[in-house]
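Asker: One structure, as structure tokens, below. Some questions next.
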Amino acid sequence: KHESMYLHPELETMPRSEINRLQMERLQQTLQRCMCIPFYKQRFAEIGLKPEDIHTLDDLQKIPFTTKQDLREHYPFGLSAVPLEKVVRLHSSSGTTGTPTVILHTQHDLDEWANAVARCLYMVGLRKGDIFQNSSGYGMFTGGLGFQYGAERLGMLTVPAAAGNTKRQIKFITDFGTTALHAIPSYAGRLYEVMEEMGIDPRRDTKLRTLIIGAEPHSDEQRRRIEDMLGVKAYNSFGMSEMCGPGVAFECPEQNGLHIWEDYYIVEIVNPDTLEPVPEGEIGELVLTTINREAMPLLRYRTRDLTRILPGDCPCGRHHKRLDRMKGRSDDMMILKGVNIFPIQIENILMQFKELGNEYLITLTNLEANDEMTVEVELNDFTDDYGFLQRLTKEITRQLKDEILITPRVKLVPKGSLPKQEGKAVRVKDLRKTL
Ligand code: ADP
Ligand code: K
Ligand code: ZN
Numbered sequence: 002k003h004e005s006m007y008l009h010p011e012l013e014t015m016p017r018s019e020i021n022r023l024q025m026e027r028l029q030q031t032l033q034r035c036m037c038i039p040f041y042k043q044r045f046a047e048i049g050l051k052p053e054d055i056h057t058l059d060d061l062q063k064i065p066f067t068t069k070q071d072l073r074e075h076y077p078f079g080l081s082a083v084p085l086e087k088v089v090r091l092h093s094s095s096g097t098t099g100t101p102t103v104i105l106h107t108q109h110d111l112d113e114w115a116n117a118v119a120r121c122l123y124m125v126g127l128r129k130g131d132i133f134q135n136s137s138g139y140g141m142f143t144g145g146l147g148f149q150y151g152a153e154r155l156g157m158l159t160v161p162a163a164a165g166n167t168k169r170q171i172k173f174i175t176d177f178g179t180t181a182l183h184a185i186p187s188y189a190g191r192l193y194e195v196m197e198e199m200g201i202d203p204r205r206d207t208k209l210r211t212l213i214i215g216a217e218p219h220s221d222e223q224r225r226r227i228e229d230m231l232g233v234k235a236y237n238s239f240g241m242s243e244m245c246g247p248g249v250a251f252e253c254p255e256q257n258g259l260h261i262w263e264d265y266y267i268v269e270i271v272n273p274d275t276l277e278p279v280p281e282g283e284i285g286e287l288v289l290t291t292i293n294r295e296a297m298p299l300l301r302y303r304t305r306d307l308t309r310i311l312p313g314d315c316p317c318g319r320h321h322k323r324l325d326r327m328k329g330r331s332d333d334m335m336i337l338k339g340v341n342i343f344p345i346q347i348e349n350i351l352m353q354f355k356e357l358g359n360e361y362l363i364t365l366t367n368l369e370a371n372d373e374m375t376v377e378v379e380l381n382d383f384t385d386d387y388g389f390l391q392r393l394t395k396e397i398t399r400q401l402k403d404e405i406l407i408t409p410r411v412k413l414v415p416k417g418s419l420p421k422q423e424g425k426a427v428r429v430k431d432l433r434k435t436l
């Protein structure tokens, strides 16, 4: 029997006219649901807009944008479209204890999320019988449970190895005969280094064939290097917790752009300054509307991710639009080891220490495929009490780690020694090279 290339053939190969029809239908349902959320109800009322005024996909532009700030202001349950007893899980975006956001899911939402992830994994050739290992953090990180449920839905033996302990990770790969691995791109390089140290040749000693890489920006060269090092095919995976997590957009075997599932999301690319749509094929900010979510629908959510829509049809037969590899972000969010960090989180911690001045500088480097963060901060008063400085450094490091989940190198420097800046302070120097 001929095995299909598609897990959901009727949805994946829908012609454009059918996609548009389905989007319009689901958008209408979504708008009805949004009217159960006081926030959206009021937003619409303020500009005299009614769900019935949205007749075509172009009418979407009449709807105001939703931002991360809106999510924060309605933390934790304020944007729920369903009673709380219908919510069965929540996730929180990574590393933000100061200003968290949560996303709520009904059982239907979780099912559809797992279906989306399963569709992605099937698309790159994974099947029941494959052994799928996930090196993503679990818990609040959506890359953990998101891939877990998607891979299980496909019927794969799924290994929740989680993040860290690289030697153990490699032992699982060799002992279990892992055929597919999900990892952030910088970690794939690290795995190879440690395999070399352990005398393991990934081609000879492992069954790895497929790598899923995502959660942080990377170049096509970096992907090719990962493929050569580990002897695998590596596919780019894009997602974010506000849009459930992984499964939003994913490369197909063509490895040329990420299909974004238009039965789940309506895609817009806007100029981040004017907020007007950019001409087709140009780079701008990705704006997404969920049209297949019950608990927490989001209308025109500003992702801050910069990308473009690739022109033309994909030879794989899927008509869902393809996003280009992410080009960066329109805000100051940093991504280290796949974890999102805002400079303000670091500033908030530093400012709690009365020994510290107002000037600080965050430098990002990546020696040997490992992202490193150095935080230099000025002391208020001169001291050569070495023990005091050591204790202070240790305490700052501990508190920063608590907040951003990554251990930075903290350097206390004398007052006036950090470069003075004209105008808007530059707080982050990103010296990372794409490998
Ligand atoms: P994730 O677990 O997918 O990283 P988060 O919500 O923690 O989810 O982070 C989402 C952000 O991570 C995105 O807005 C984007 O900036 C970045 N990101 C996710 N996947 C990719 C990718 N494939 N390429 C570049 N950046 C990505
Ligand atoms: K991320
Ligand atoms: Zn394709």
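Counted the way our numbering counts, the sequence shown spans residues 2 to 436. Virtual Cβ for every residue (Gly too), placed ideally from N, Cα, C.
(1) Taking the C-alpha atoms as reference points, what is the distance between F438 and E396?
(2) Would a C-beta distance cut-off of 8 Å place L72 and F78 closer than the cut-off?
(3) Could you say which of V89, W262 and K434 lies nearest to N367 if we only look at CA atoms?
(4) Nearest by alpha-carbon distance to I227: which of T102, A370, F148 and K412 is it?
(5) Can you find the residues in the same chain that come closer than 6 Å, C-beta to C-beta, to L311, ignoring five residues on each side of it along the sequence?
(6) Using 10 angstroms around the beta-carbon of R56, count the other beta-carbons present and answer buried if the total reaches 16, otherwise exposed.
(7) Would you mind stating whether P186 and Q134 have Cβ atoms separated by less than 8 Å?
(8) How close, in whole Å, do the beta carbons of R1 and T67 come, if the pair is a contact with beta carbons under 8 Å?
(9) Consider the C-beta atom of H260 and the heavy atoms of the ligand ZN; say whether any pair is separated by less than 7 Å.
(10) Would you say the beta carbon of G248 comes nearer than 7 Å to a heavy atom of the ligand ADP?
(11) Would you mind sorting P316 into buried or exposed? The rule is 16 or more other CB atoms within 10 Å of its CB.
(12) Can you determine whether any heavy atom of the ligand K sits closer than 7 Å to the C-beta of E217, and answer yes or no?
(13) Any contact between the stretch 193-213 and the stretch 105-113? By contact I mean 3 or more CB pairs, one from each, below 8 Å.
(14) Below 8 Å on the Cβ atoms is my contact criterion, and I expect S331 with P273 to pass it. Report the Cβ-Cβ distance as a whole number of Å.
(15) What does the alpha-carbon distance come out to for the pair G313 and E281?
(16) Any contact of the stretch 406-419 with the stretch 369-384, i.e. 3+ C-beta pairs under 8 Å?
(17) Is K328 buried or exposed, if buried means 16 or more other CB atoms sit within 10 Å of its CB?
(18) Please find out if some non-hydrogen atom of the ligand K comes closer than 7 Å to the beta-carbon of I336.
(19) Output the residue ranges of the alpha helix (DSSP H) runs that lie fully inside the stretch 18-89 and measure 4 residues or longer, sorted by chain position.
(20) Check whether the Cβ of D71 lies closer than 7 Å to any heavy atom of the ligand ADP, and answer yes or no.
(21) Go through its chain and collect everything with a Cβ distance to P420's Cβ below 8 Å, but skip five positions before and after it.
(22) Check whether the Cβ atoms of S137 and G130 sit closer than 8 Å, and answer yes or no.
(23) Please list, in chain order, all residues of the same chain as R44 whose beta carbon is under 6 Å from its beta carbon, the five residues on each side excluded.
(24) Would DSSP call F177 helix, strand or coil?
(25) The ligand ZN heavy atoms versus the CB of V253: any closer than 7 Å?
(26) Confirm, please, whether the CB-CB distance from E286 to I270 is below 8 Å.
(27) Entirely within the stretch 290-338 and at least 3 residues each: give me those beta strand (DSSP E) ranges in chain order.
(28) Tell me whether N359 counts as near the ligand ADP, meaning its Cβ is closer than 7 Å to at least one heavy atom of that ligand.
(29) Would you report the Cα separation of Y265 and L105, rounded to the nearest angstrom?
(30) Would the stretch 378-386 and the stretch 348-359 be scored as touching if the rule is three or more Cβ pairs under 8 Å?
(31) Can you say whether D229 is buried or exposed, counting buried as having 16 or more other CB atoms within 10 angstroms of its CB?
(32) Going by alpha carbons, who is nearest to S93 out of R205, G417, V340 and K87?
(33) Considering only the alpha carbon of each residue, which of T308, R154 and L155 lies closest to V279?
(34) Rounded to the nearest angstrom, how far is the Cβ of Q170 from that of A162, given a contact under 8 Å?
(35) State the DSSP-derived secondary structure class of N257, mapped to helix, strand or coil.
Answerer: Let me spell this out:
(1) Nothing in the structure corresponds to residue 438, since the chain is present only between 2 and 436.
(2) Here the question's residue 72 lines up with position 71 in the sequence shown. Here the question's residue 78 lines up with position 77 in the sequence shown. No, the pair does not count as a contact, with Cβ atoms beyond the cut-off.
(3) The count along the sequence shown starts at 1 and reaches residue 367 at position 366. Among V89, W262 and K434, the Cα nearest to that of N367 belongs to K434.
(4) Stepping through the sequence shown from its first residue, residue 227 is reached at position 226. If we check each option's Cα against that of I227, A370 comes out closest.
(5) Start at 1 with the first residue of the sequence shown, and residue 311 comes out as number 310. Excluding positions up to five away in sequence, the list reads G258, R323 and D325.
(6) Here residue 56 corresponds to residue number 55 of the sequence shown, with the count starting at 1. Reading off the sequence shown, one finds His at residue 56, where the question assumed Arg. Classification for H56: exposed.
(7) As a working mapping, residue 186 is identified with position 185 in the sequence shown. As a working mapping, residue 134 is identified with position 133 in the sequence shown. No, the pair does not count as a contact, with Cβ atoms beyond the cut-off.
(8) Nothing can be reported for residue 1: it is not among the residues displayed for the chain, which extend from 2 to 436.
(9) Sequence index remark: in the sequence shown, residue 260 carries index 259 (1-based). Correct: H260 has its Cβ closer than 7 Å to the ligand ZN.
(10) Residue mapping note: residue 248 aligns to position 247 of the sequence shown, counting from 1. Not under cutoff, so the answer is no.
(11) Residue 316 sits at position 315 when you count from the first residue of the sequence shown. By the 10 Å Cβ count, P316 comes out exposed.
(12) Here residue 217 refers to the residue found at position 216 of the sequence shown. Result yes, Cβ under 7 Å from the ligand K.
(13) no
(14) Within the sequence shown, numbered from 1, the residue matching residue 331 stands at position 330. Within the sequence shown, numbered from 1, the residue matching residue 273 stands at position 272. Contact flag correct, Cβ pair sits at about 4 Å.
(15) As a position in the sequence shown, residue 313 is number 312, starting the count at 1. As a position in the sequence shown, residue 281 is number 280, starting the count at 1. Distance between the alpha carbons of G313 and E281: 11 Å.
(16) yes
(17) Locating residue 328 in the sequence shown gives position 327, where the first residue counts as 1. So K328 ends up on the exposed side.
(18) The residue you call residue 336 lines up with position 335 of the sequence shown. Yes, the ligand K has a heavy atom inside 7 Å of this Cβ.
(19) 39-47 and 69-74
(20) Along the sequence shown, one-based indexing puts residue 71 at 70. Every heavy atom of the ligand ADP is 7 Å or more from the Cβ of D71, so no.
(21) Translated into the one-based positions of the sequence shown, residue 420 becomes position 419. Answer for P420: L362, listed in chain order.
(22) Locating residue 137 in the sequence shown gives position 136, where the first residue counts as 1. Locating residue 130 in the sequence shown gives position 129, where the first residue counts as 1. For S137 and G130, no; Cβs fall outside 8 Å.
(23) Here the question's residue 44 lines up with position 43 in the sequence shown. Taken in chain order, the residues that qualify are P65.
(24) If you number the sequence shown from 1, residue 177 lands on position 176. Residue state, collapsed to three classes: helix.
(25) As a first step, residue 253 must be located in the sequence shown, where it is residue number 252. Sequence inspection shows Cys at residue 253; the Val mentioned does not correspond to that position. Indeed, a heavy atom of the ligand ZN lies less than 7 Å from the Cβ.
(26) What you label residue 270 is simply residue 269 of the sequence shown in a count that begins at 1. What you label residue 286 is simply residue 285 of the sequence shown in a count that begins at 1. It is a contact, given that the beta carbons lie within the stated cut-off.
(27) 302-308 and 335-337
(28) Mapped onto the sequence shown, residue 359 falls at position 358. Every heavy atom of the ligand ADP is 7 Å or more from the Cβ of N359, so no.
(29) The sequence position of residue 265 within the sequence shown is 264, counting from 1. The sequence position of residue 105 within the sequence shown is 104, counting from 1. Distance between the alpha carbons of Y265 and L105 is about 16 Å.
(30) yes
(31) Taking the first residue of the sequence shown as 1, we reach residue 229 at position 228. The residue in question, D229, is exposed, as its Cβ has fewer than 16 Cβ neighbours within 10 Å.
(32) Here residue 93 refers to the residue found at position 92 when the sequence shown is read from its first residue. Among R205, G417, V340 and K87, the Cα nearest to that of S93 is on V340.
(33) Along the sequence shown, read from residue 1 onward, the residue named residue 279 stands at position 278. Out of T308, R154 and L155, T308 has the C-alpha closest to the C-alpha of V279.
(34) One-based indexing of the sequence shown puts residue 170 at position 169. One-based indexing of the sequence shown puts residue 162 at position 161. Confirmed, Cβ separation roughly 6 Å.
(35) Against the sequence shown, residue 257 aligns to sequence position 256. Correct three-state label for N257: coil.
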